[in-house]
Each structure stands twice: as C-alpha cells, then as structure tokens.
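For the protein sequence lines, the chains are A and B, in the order given. If you count by the UniProt record's numbering, then the first sequence holds residues 1 to 332, one letter each, in order. If you count by the UniProt record's numbering, then the second sequence holds residues 1 to 249, one letter each, in order. Here a beta-carbon is modelled for each residue, glycine too, at the ideal position from N, C-alpha and C.
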Amino acid sequence: MIEAQGLTKRYGATVAVDNLSFEVKPGKVTGFLGPNGAGKSTTMRMILGLDTPTSGTVTIDGQRYRDLHQPLTKVGALLDAKWVHPNRSARAHLMWMAASNKLPKSSVDRALEMVGLTSVANKRAGAFSLGMSQRLGIAGALLGDPGVLLFDEPVNGLDPEGIVWIRNFMHRLADEGRTVLVSSHLLSEMALTAEELVVIGRGRLIAQSSTQEFVDRASGTTVKVRTPELDKLAAVLQGQQLKTRIEDVGEQGKVLFVEGDLTTDQVGEAAAAHGIVLHELSLQRGSLEAAFMQMTGDSVQYHAQDDVAAVTHVNLEAPSGAEVAAGPKEDN
Amino acid sequence: MSVITVERIKLFSTRSPWWCMIVAAVLTLGLAALASAFTEGQVTIGLTQGGAQLSQMVMMVMAALAVTTEYRFGTIRTSFQAVPQRAALLLGKTTVVAVLSALVGLIASFGAWGIGNVFGGGSDLAIDTGAEWRLLAGQGIVFALSAVIAVAIGILIRQSAGAIAILILWPLLVENLLNLIPKVGDDMSRWSPFQNAASFLNQGQDFGIEGAGGPSQYALTPGWALLYFAAWAVALMAIALFSASKRDA
C-alpha cells in the first residue's frame with residue numbers, strides 16, 4: 001500500500017508535482033497515467049526517497065522510504081533500465097544489490113532465472129539490448145521479493161514480445177497479492193495492464209478510479225442510428241430529453257448520434273413505439289485516447305502553438321524510440 | 001558491515017580501478033628505477049620517492065571516479081534505493097577506496113625503495129632514521145587521506161571531468177601559484193592542505209640535492225602537518241555527506 005498526502009515538488013518557480021494525494025492498493029496493478037512531463041517520474045522518485053518533497057508526505061505501508069530497514073525486501077523499483085554500470089556484468093550488478101540488504105546469493109540466481117537472463121548473467125550490461133536491460137532492472141526490483149513494486153514506463157521502446165511479457169508479469173505480481181504501480185503515458189497500454197488508474201496532468205491529480213470507470217466517464221457512450229426517417233426519430237428522442245446530433249459520415253449518408261449514458265434498448269424501443277424503420281442501431285464507445293485527451297487536455301505541458309491536435313497525438317502515440325535514445329526520461 | 005561489501009563488489013566488478021592501481025604503482029617504481037640508475041652521486045631514500053606524488057594523483061582520480069561514475073550512470077540512485085542511509089553508504093565507499101589507496105601507497109613507496117637498492121649501486125639505503133620511516137610508511141596515510149578528499153570532491157561535484165580537474169589543478173598548480181600573491185601568498189601556500197601533506201613527508205629528508213629549501217617553507221612540524229591535512233579531509237567529507245543527504249539524488 002502506497003499513500004501520498006499533499007505531495008508537492010517545486011524546482012524554483014516550476015511546480016512539478018502539485019498537492020498530489022492518492023493511494024495504491026495491494027493485489028491490483030495500478031496504472032500511473034499522465035502525459036509526458038506530468039510529474040510521474042518525480043513522484044516515483046519521491047516515493048523512493050530519492051527526491052525530497054517540498055511539502056507533503058508519501059509512505060509505504062505507513063513508513064517513509066528512508067525509514068525502511070533493508071528496503072529492497074519491501075519495495076522493488078525499476079525507474080530507468082539504463083541505471084547500470086555498462087562495464088559491470090548483470091550478475092555483479094545484482095550481487096552488490098543483494099549484499100546491500102543482506103540477501104543470500106541464491107536470490108541473485110533466482111531473480112536472473114525469473115527474468116530469463118541466466119545465460120547472459122556474466123556479460124557486461126552495457127552490451128544488453130533495451131529489452132534485456134529492462135529485464136535486468138526487473139530482476140533488481142524482484143531481488144528482495146518485495147510486496148510493493150514500482151515501474152516507470154516499463155514498456156517504453158520494447159518490441160511486442162517484450163510488451164506482452166511485461167504485461168503478463170505485472171498481472172502475475174499483482175495476483176500474488178503485491179502492490180504494483182506502473183507509470184505510462186499510453187492509455188491504451190494501461191487499459192490492458194491496469195485495473196486501477198491514478199491519472200495526473202501537470203502534477204495535479206485528475207482522477208483516481210478503476211480503468212473501466214475512467215474510460216466510461218471520460219468518453220461516455222453514444223448510440224449510432226441509421227434510419228430513413230432521421231428527423232422524425234430525432235424529434236421523438238428530443239422529446240425524451242435526449243441529446244441528438246445528425247452527422248454526414250460519407251458513404252452511409254446522414255447518421256443520427258444519440259449522446260448520453262443510454263443503452264441501445266431505449267432508442268430501439270422509442271423507434272418501435274413510433275413505427276420508425278431502423279437500418280442500424282449500435283453502441284459507440286469513445287476511444288481510450290479520446291478519453292485521455294479529454295481529461296488531460298488542459299494539463300498537457302507543452303502545447304504547440306499552431307496544431308494542438310498533432311501535439312496531443314505525439315504525446316500519446318510517439319513515445320519510445322526517440323525518448324529512450326535521448327536517455328533521461330521526462331522531467332529530468 | 002554490508003556497505004563495505006557492497007562497495008568492494010562495485011569497485012572490483014569494473015576494470016578501471018585495476019588499471020588505476022597498476023598505473024599508480026608502475027609510475028613510482030619506474031621513476032625510482034630511472035632516478036636511482038641515472039643519478040650522479042649517492043642514491044638516497046628520498047630520491048627513490050620522486051614518483052609518489054604522481055601515483056597519489058592517479059589514486060585520487062580513481063577515488064573520484066568511484067563516485068562520479070555512479071552519478072554518470074545513475075547507479076547512485078539504485079544505491080540510495082538499496083541503502084537510504086546515504087552517509088553510511090558513502091562512508092563505506094570512502095573506506096574501501098581509502099584502504100586501497102593506502103595499500104597502493106605502501107606498495108609504491110617500499111617498492112620504490114627496494115628498486116633503489118637494486119639500481120643504487122651500493123648506496124646506503126638502510127632505513128635508520130625516524131624521518132625515513134615517516135617518508136616510506138607515511139605515504140600510506142597520505143594516499144588514504146588524499147583519497148578521502150577525492151571522494152568528497154566527487155560527491156560534491158558529481159561529474160568526472162570537473163572533479164578530476166579540481167583534484168589535479170589544486171595540488172599541482174593552485175597551491176604553488178598562491179606564492180605569486182604578494183605578502184599573503186607565502187602564508188596561504190604554506191597553510192594549504194597538500195603542502196602540509198608534503199611537509200609531513202619531506203621534512204628532514206635527504207633528497208641528494210642542494211638547497212631543497214630551508215625550514216621556513218614549513219608551517220608546522222611533521223605530526224601537526226599530518227593532522228592539519230587530515231582535518232581538511234574530514235571537513236570536506238563532512239560537507240560532502242551533508243550535501244548528499246540533503247540534495248535530490
């Protein structure tokens with residue numbers, strides 16, 4: 001269980017994290033979601049006692065990180081897969097970590113085994129691919145068999161195989177009853193990985209809810225209706241206090257969209273009661289990206305002047321390659 | 001003491017410390033061989049120690065790198081994550097590096113003396129005065145303390161090039177150039193830390209050269225000079241540990 005209370009971090013005049021309160025419960029994968037530069041990494045560094053909050057507190061099972069005894073047995077974290085000396089072997093890297101918390105040598109072998117790096121354990125970490133580095137980082141996080149795990153953008157730059165592997169791995173860790181917090185700027189990835197979401201933008205909490213709830217609430221649902229009697233149906237539905245909108249969608253001609261939280265049943269029944277012919281009646285779920293953009297729209301830090309849509313698109317879709325190659329992530 | 005084990009594993013699992021140690025030892029031994037083989041007159045113990053300051057520089061570079069590479073590669077954060085008591089961890093690193101430097105210092109000084117015996121052609125190199133023991137055994141202490149200073153500078157600067165520049169320019173140039181300042185320059189030079197380390201080692205030694213300087217060049221007696229140098233090391237380390245505990249990693 002991780003609890004943040006009024007967590008704030010200022011760098012001079014810049015506020016990286018602003019009065020952030022949330023909690024992360026055990027037994028579930030919790031996604032920590034926000035656009036680049038929203039303060040996710042800063043928050044994670046504060047959880048781990050690496051950065052000192054300007055104000056507020058964050059505790060792990062009621063204790064501040066700096067007060068934990070042998071912290072690797074309680075909290076495991078992978079903040080950056082590149083935090084390894086390139087000339088040190090994977091095994092040596094894990095060996096010193098194990099020694100620091102008086103963990104047996106067997107824990108090193110077990111962790112290597114778990115992430116599938118046993119065969120390259122004596123190779124220098126600098127020669128590892130990003131996927132292998134990521135696995136080594138996870139091995140380090142799992143070394144002390146901790147109950148709380150933090151991962152910062154773990155799928156960034158990974159190939160599909162690696163992404164699926166990490167996703168399944170997170171689920172397994174949560175199923176074992178651990179507290180798992182995973183940050184990402186990709187809502188579509190979080191929708192597959194996380195059951196709970198903590199969403200932030202510009203350092204502020206935007207939402208804490210289940211992933212399903214977040215998507216439903218943010219995007220809402222619309223019902224799409226095709227009918228030869230568009231105007232008649234629209235009038236009927238408006239009579240029932242429903243919001244409707246007629247749009248020309250190209251090939252299909254004009255289509256009626258009914259907004260609000262309603263089921264197709266309602267629209268179908270209304271049409272039947274008035275003898276209106278329907279050609280199509282379907283539920284349209286808003287895309288995850290649309291939901292995310294709607295919620296964080298105001299809080300994306302670096303808007304382009306001329307083309308906001310393109311920028312938001314970049315924030316959501318063009319993550320990994322460039323960012324990873326450039327080294328330090330977001331708010332460094 | 002798990003922090004000692006941690007830092008020992010870290011240091012010896014990369015290659016650069018090994019190279020630094022070999023280079024450090026070879027510099028002193030090689031210069032001792034050259035000095036004693038080509039000298040005109042009698043070889044003295046002091047004469048064999050000419051390369052020690054260079055070796056000391058190399059060990060200081062190694063000590064600083066032991067910290068700055070951790071900042072460079074981000075492993076300092078993993079380290080602080082594993083051991084949130086930052087001062088304890090950094091003191092563990094300091095201990096490992098200082099002990100190693102002391103060993104290299106002793107190998108260099110006594111090794112150079114041994115080489116002087118081989119190449120000295122019958123000169124009297126018996127260690128029979130307190131000052132001679134101080135010169136040889138004292139290298140161990142001076143190497144260790146300068147490693148402590150180097151680690152402290154590394155913690156404060158966090159960046160290899162900057163830390164190394166300071167560590168090389170300070171003893172070799174800055175402390176000597178202080179002499180150029182009128183009136184106060186001499187005193188500033190005599191009271192600077194590395195001058196006192198040299199003063200501890202060199203007072204009362206026979207370097208086989210005329211006019212190596214009168215007693216006025218030293219501010220303190222050997223014992224006090226060493227303590228003064230040690231005080232600098234302790235003070236710098238205290239500032240470094242305080243800073244590391246307060247600053248964001």
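List, in order along the chain, the chain B residues whose C-beta lies closer than 9 Å to that of residue i?
i     : result
A/G49 : F80, Q81, P84, A249
A/A92 : I9, K10, F12, S13, T14
A/P71 : Q81, A82, V83, P84
A/Y52 : One point to set straight first is that residue 52 of chain A is Thr, not Tyr, in the sequence displayed. Result: K246, R247, D248.
Run through DSSP, which three-state label would residue i get?
i      : result
A/D265 : helix
B/Q139 : helix
B/A231 : helix
A/A121 : coil
A/G177 : coil
A/V249 : coil
A/R167 : helix
B/N176 : helix
A/I200 : strand
B/G130 : helix
A/A4   : strand
A/L192 : helix
A/V236 : helix
A/L48  : coil
At 7 Å on the CB atoms, spell out the chain A contacts of residue i, in chain order.
i     : result
B/G74 : D80, K82, W83
Counting only C-beta atoms, is residue i closer than 7 Å to chain A at any point?
i     : result
B/L4  : Note on residue identity: the sequence assigns Ile, not Leu, to residue 4 of chain B. Not an interface residue.
B/R77 : yes
Alpha carbon to alpha carbon, how far is residue i from residue j?
i      : j      : result
B/L135 : B/D128 : 12 Å
A/K25  : B/P84  : 24 Å
A/Q266 : A/E213 : 22 Å
B/F143 : B/G116 : 21 Å
B/W232 : B/A219 : 15 Å
A/G62  : B/I9   : 33 Å
B/Q205 : B/E132 : 7 Å
B/S16  : B/M62  : 8 Å
B/V99  : B/F200 : 20 Å
A/V29  : A/I276 : 47 Å
A/A121 : A/Q284 : 50 Å
A/V279 : A/K224 : It should be pointed out that residue 279 of chain A corresponds to His in this sequence rather than to Val. One C-alpha to the other measures close to 10 Å.
B/A197 : B/G138 : 9 Å
B/Q195 : B/L178 : 11 Å
A/A304 : A/M293 : With a pLDDT of only 49 at A/A304, under the threshold of 50, the placement of this residue in the model should not be trusted; the figure read from the coordinates follows. Answer to the nearest angstrom: the Cα atoms are 15 Å apart.
A/M97  : B/S36  : 48 Å
B/G120 : B/G130 : 21 Å
A/A139 : B/V184 : 59 Å
A/K82  : A/E153 : 13 Å
A/E269 : A/L233 : 11 Å
A/R66  : A/S133 : 26 Å
B/L227 : B/I141 : 11 Å
Which first and last residues belong to the alpha helix (DSSP H) in which residue i is found?
i      : result
B/Q56  : 52-73
A/N36  : Careful: A/N36 lies outside any alpha helix (DSSP H) and carries neither H nor E.
B/V3   : 2-12
A/I60  : Note, A/I60: premise wrong, no alpha helix (DSSP H); beta strand (DSSP E) at 55-60.
A/T227 : Taken as a continuous stretch (DSSP letters only), A/T227 belongs to no alpha helix (DSSP H), as it is neither H nor E.
B/G162 : 160-169
B/F38  : 16-38
B/D186 : 185-190
A/A99  : 90-100
Under 7 Å between C-beta atoms, does residue i make it to chain B?
i      : result
A/N87  : yes
A/W96  : yes
A/A125 : no
A/R66  : yes
A/A13  : no
A/H99  : It is worth fixing the name first, because residue 99 of chain A is Ala in this sequence and not His. Chain B, which has a Cβ nearer than 7 Å to the Cβ of A/A99, makes this yes.
At a CB-CB cut-off below 7 Å, which residues of chain B make contact with residue i?
i      : result
A/N156 : Here the premise fails: no neighbours, minimum Cβ distance about 15 Å.
A/S41  : In chain order: nothing, as chain B lies at least about 11 Å away.
A/A38  : Neighbours of A/A38 on chain B: none; closest Cβ ~18 Å, over 7 Å.
What residues of chain A sit near residue i, judged by a beta carbon separation below 8 Å?
i     : result
B/T69 : H85
Quick one: list the residues of chain B neighbouring residue i, beta-carbon separation under 8 Å, in chain order.
i      : result
A/S55  : Going along chain B, no residue has its Cβ under 8 Å from A/S55, so there is no contact; the nearest lies around 15 Å.
A/G140 : T78
A/K102 : S2
A/T193 : Under the 8 Å cutoff, chain B gives no residues; its nearest Cβ is about 23 Å from A/T193.
A/A77  : Q81
At what residues does the beta strand (DSSP E) containing residue i begin and finish?
i      : result
A/G206 : Per the sequence shown, the amino acid found at residue 206 of chain A is Ile instead of Gly. Counting along the chain, the beta strand (DSSP E) containing A/I206 begins and ends at 204-210.
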